[in-house]
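Data block below; observations after.
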Amino acid sequence: MPVLYRALTRAVAGALLLALLAAGATPVSALPGDGDPAADSPRAWAVVPASADGPDGRGRLDYAVEPGARVEDHVAVRNLGEQPLTVDVYVQDADHGPDGAFTVRTPQDTPTRVGVWLRLAEGRVTVPPRASVVVPFVLDVPRDAEPGDHAGGVLAVSEVAQSQGPAVQIATGTRVYVRVGGPVAPALEASPLRGAYAGRLGPLTPGRLEVETTLVNSGNIRLDPTAVVRVRSLFGLWTGSVALDDTDEILPGGATTTSGVLTGVPPLGPYWLTVEATRATSRGQDLSETVTMTSPTVLVWAPPWTLLTALALLALAVAVGWRNLRRRRRARTVALTGPATPRPGRARLLTPRRAPGTCR
Numbered sequence: 006m007p008v009l010y011r012a013l014t015r016a017v018a019g020a021l022l023l024a025l026l027a028a029g030a031t032p033v034s035a036l037p038g039d040g041d042p043a044a045d046s047p048r049a050w051a052v053v054p055a056s057a058d059g060p061d062g063r064g065r066l067d068y069a070v071e072p073g074a075r076v077e078d079h080v081a082v083r084n085l086g087e088q089p090l091t092v093d094v095y096v097q098d099a100d101h102g103p104d105g106a107f108t109v110r111t112p113q114d115t116p117t118r119v120g121v122w123l124r125l126a127e128g129r130v131t132v133p134p135r136a137s138v139v140v141p142f143v144l145d146v147p148r149d150a151e152p153g154d155h156a157g158g159v160l161a162v163s164e165v166a167q168s169q170g171p172a173v174q175i176a177t178g179t180r181v182y183v184r185v186g187g188p189v190a191p192a193l194e195a196s197p198l199r200g201a202y203a204g205r206l207g208p209l210t211p212g213r214l215e216v217e218t219t220l221v222n223s224g225n226i227r228l229d230p231t232a233v234v235r236v237r238s239l240f241g242l243w244t245g246s247v248a249l250d251d252t253d254e255i256l257p258g259g260a261t262t263t264s265g266v267l268t269g270v271p272p273l274g275p276y277w278l279t280v281e282a283t284r285a286t287s288r289g290q291d292l293s294e295t296v297t298m299t300s301p302t303v304l305v306w307a308p309p310w311t312l313l314t315a316l317a318l319l320a321l322a323v324a325v326g327w328r329n330l331r332r333r334r335r336a337r338t339v340a341l342t343g344p345a346t347p348r349p350g351r352a353r354l355l356t357p358r359r360a361p362g363t364c365r
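Take 6 as the starting number for the sequence shown in my numbering and just add one per residue.
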C-alpha cells in the first residue's frame, strides 16, 4: 500500500472514531466518501465487552483498580454482515479532540497509558457471518501509575471496498476507562469566559446576554458537570443566571466549550459574570460538594443606548435653547436703551512744541 494512501486511510479512520466511540460500541457500515460500499460486499461490525462465552451486555470497559493490579477480561468482535470478516484489533490511548469529544488516538501515536497497560491475546481475527469471536486480554496497571482516571479504546479496523475509488479503512470500537486508586482531586476551570449584550429599541427594554466558556477538567478524574453563569449588576440592582448547555463527560486534562443565552436583561450598564458548577458526577457518584470550580469574573457592558441618546439630544436642545434665549434678551435690551454712547470726559488742549532755532 503506498505511503500516501496508508496515511490517508488512517486519518479517515481516526476521524471516524470520534463519532463511533461516542456511542460506546457502534457498528460501522459505510464511510462517507466519493463512492458507496460495493453492493456485493456489505461490511458491518462492532466491538463490545464480553465474557469468555460472548457479549455480556456491558456498554464499556470500566475498571476501578489499585496500582499494580491485574485484570483479565474479554471483548467480542461481532460480524453483522453476511460474509466472513477479517479485522485488525488494537488498543490505544484516548483523550479529547479539538471539539471536546472523546477521541482515540491514531495507530501512529505512541501509547503511554491504557494503550500500554492493556494487551490483547490476538491482533487479527476472522469472524464468520452473523457471529462473534471473543478476544481475551490482560490489563496490567503499573505500580507507579498516577491516581485518577485514564481512558483508551479497543478498536477493530478493516478495509472496505468502494464501487468507485480505492478501498478505505474503517474502525469501530469500545471505550476503556481505568480508575487508579489514590487521592482524587475533582476540579474544573472556566477559561476563557466571554459575554456579549444585545439590546433592543426602547429606553429600558430588556435585551439578551449571550455567554460562552470553555470548561477545563483540571483534576484527575473524569467529570460530567452542570454549570451556570451568574450575572450581577452594579450594587446588585439586578441579578440573574443562565444554565449552560449540557456537555459530554470531560476527561482529566480535557476541555469542552459550552454556551447559553439569558433573556430579559435590562440595560443597566456594567454586569459581572462568573461560572458556577451546580452539579458534577463521576462514575455515577455525586461530587457537587467536593468539586473545585475556578472561574474568572468578566465585565460586560449593557448600556441603555436609546435612553442615553435621548438624554444627549435633550441636553443639546437645552443648551441651544439657552444660548438663543440669551441672544434674544441681549437684542431686546439694545432695542429699548439705544446704542451705547461714549462716556463724557475732560478735553485737553495740546500746545504744539516749537522747533529749535525758531522764534515767534
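Glycine is no exception: its CB is placed at the ideal position from the N, C-alpha and C atoms.
**Beta carbon of residue 180 nearer than 8 Å to that of residue 83** = Here residue 180 is not near residue 83, since their CB atoms are 8 Å or more apart.
**Request:** Report all residues from its chain with a CB closer than 6 Å to the CB of residue 254; omit the five preceding and five following residues, and keep chain order.
**Result:** Only 227 and 229 meet the Cβ criterion.
**residue 71 versus residue 224 - alpha carbon distance** = C-alpha separation (whole angstroms): 19 Å.
**Request:** Report the rounded CA-to-CA distance for residue 156 versus residue 168, giving the unit in angstroms.
**Result:** In this model, residue 156 and residue 168 are separated by some 37 Å (Cα to Cα).
**Asked** Quick one: what does DSSP say residue 324 is sitting in, helix, strand or coil?
**Response** Three-state DSSP puts residue 324 in a helix.
**Prompt:** Between which two residues does the alpha helix (DSSP H) carrying residue 120 extend?
**Reply:** Here the alpha helix (DSSP H) through residue 120 covers 119-122.
**Asked** Per the contact definition of three or more C-beta pairs closer than 8 Å, is the region 170-180 in contact with the region 204-222?
**Response** No contact exists between the region 204-222 and the region 170-180.
**Asked** Between the C-alpha atoms of residue 173 and residue 96, what's the straight-line distance to the nearest angstrom?
**Response** Distance between the alpha carbons of residue 173 and residue 96: 20 Å.
**Opposing strand residues paired with residue 176 [DSSP bridges]** = According to DSSP, residue 176 bridges with 162.
**Prompt:** From 89, 245, 244 and 264, pick the residue whose C-alpha is nearest to that of residue 165; which is it?
**Reply:** Ranking the options by Cα distance to residue 165, first place goes to 89.
**Asked** Can you tell me whether residue 191 is buried or exposed, with buried defined as 16 or more other CB within 10 angstroms of its CB?
**Response** Buried, since its Cβ has 16 or more Cβ neighbours within 10 Å.
**Message:** Can you tell me where the beta strand (DSSP E) holding residue 294 begins and where it ends?
**Reply:** Counting along the chain, residue 294 falls outside any beta strand (DSSP E), and DSSP gives it neither H nor E.
**Prompt:** When DSSP labels each residue in this structure, what does residue 198 get in the three-state scheme?
**Reply:** Looking at residue 198 - three-state DSSP - the assignment turns out to be strand.
**Prompt:** Would the region 127-141 and the region 97-104 be scored as touching if the rule is three or more Cβ pairs under 8 Å?
**Reply:** Under the 8 Å Cβ criterion, the region 127-141 does not count as touching the region 97-104, having fewer than three qualifying pairs.
**Message:** Using only the alpha-carbon positions, how far apart do residue 187 and residue 73 sit?
**Reply:** The straight-line gap from Cα to Cα measures roughly 12 Å.
**Asked** Since residue 374 and residue 201 are thought to touch, with beta carbons under 8 Å apart, how far apart are those beta carbons, to the nearest angstrom?
**Response** As shown, the chain starts at 6 and ends at 365. That puts residue 374 outside it, with no answer to give.
**Request:** Provide the residue span of the beta strand (DSSP E) that contains residue 48, from first to last.
**Result:** Per DSSP, residue 48 belongs to no beta strand (DSSP E) and is neither H nor E.
**Exposure label - residue 184; buried when at least 16 CB within 10 Å** = The Cβ neighbour count for residue 184, taken over all protein chains shown within 10 Å, is at least 16; the residue is labelled buried.
**Message:** Less than 7 Å between C-beta atoms, sequence neighbours within five positions excluded: which residues of the same chain meet that for residue 272?
**Reply:** So the list reads 204, 209, 212, 307, 308 and 309, once near-sequence residues are dropped.
**Asked** When you compare each of 214, 264, 171 and 206 to residue 197 by their alpha carbons, which one comes out closest?
**Response** Out of 214, 264, 171 and 206, 264 has the C-alpha closest to the C-alpha of residue 197.
**Item:** Where residue 329 falls: helix, strand or coil (DSSP)
**Value:** Helix.
**Message:** Going by DSSP, what residue range makes up the beta strand (DSSP E) through residue 146?
**Reply:** No beta strand (DSSP E) contains residue 146, which DSSP labels as neither H nor E.
**Prompt:** If you draw a straight line from the C-alpha of residue 92 to the C-alpha of residue 215, how long is it?
**Reply:** Cα to Cα, residue 92 sits roughly 48 Å from residue 215.
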